[in-house]
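Numbering (full-length UniProt numbering), first residue to last: 1 to 200. Note that beta-carbon positions come from the ideal geometry of N, C-alpha and C, so glycine has one too. A short worksheet on the structure shown next.
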């Protein structure tokens, strides 16, 4: 595929995302050293679904588009890698719509990709394991698996908090448990809203 067609498609994806994207997500091309956009590599943030063990996390993902996109699917990789049955230890996502031989179609949008990955986080596919330890725990002990996911979500959440809140949150959580953890999240949400961290 010509570079012009590739660029046009990705610029259209960018336009569509900025016009309409799901709340709490962000997706934007990386910047080169000279300040120009690297339209073929996007930084993405995927929020955990409310009411699930993934709640309150904002999981960072890189989407890389090859010169054959959209004939071939992009590569999606979490950084840092996540503990999950369908995420390789490298952080690469194993999902049918990202597999050229399974569910990929050139019409699939960036929005559809990130929503599909968000759903996968809380609904692993045991038929397509990519990470042995996470897969085994998910199959054998879902209670312990969910505890592990909650610990991961909390660590992710802590990394997102403004530095001045972290010590307060750690201490209040140690003394009073989960309740203060959830209450403190409101402070981060307020600051995130002010800074526009949820915007694409």
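Residue(s) in a DSSP beta bridge with residue i
i: residue 61; result: 44, 78
i: residue 32; result: DSSP lists no partner for residue 32.
i: residue 26; result: 45
i: residue 92; result: 77
i: residue 87; result: 93
Backbone CA spacing between residue i and residue j [nearest angstrom]
i: residue 138; j: residue 85; result: 7 Å
i: residue 136; j: residue 57; result: 23 Å
i: residue 224; j: residue 125; result: Lying before the first or after the last residue shown, residue 224 is absent from the chain, which here runs from 1 to 200.
i: residue 44; j: residue 115; result: 11 Å
i: residue 143; j: residue 117; result: 22 Å
i: residue 122; j: residue 35; result: 36 Å
Residue i - DSSP class collapsed to helix/strand/coil
i: residue 37; result: strand
i: residue 7; result: helix
i: residue 113; result: helix
i: residue 139; result: helix
i: residue 71; result: coil
i: residue 108; result: coil
Close Cβ partners of residue i (< 6 Å) along its chain, the five nearest in sequence each way excluded
i: residue 94; result: 86, 128, 130
Beta-carbon proximity list for residue i, same chain, < 8 Å, skipping 5 on both sides
i: residue 91; result: 77, 78, 79, 80, 81, 82
i: residue 74; result: 63, 64, 65, 66, 98, 113
Other residues of its chain near residue i: CB distance less than 7 Å, five sequence neighbours each side excluded
i: residue 37; result: 29, 31
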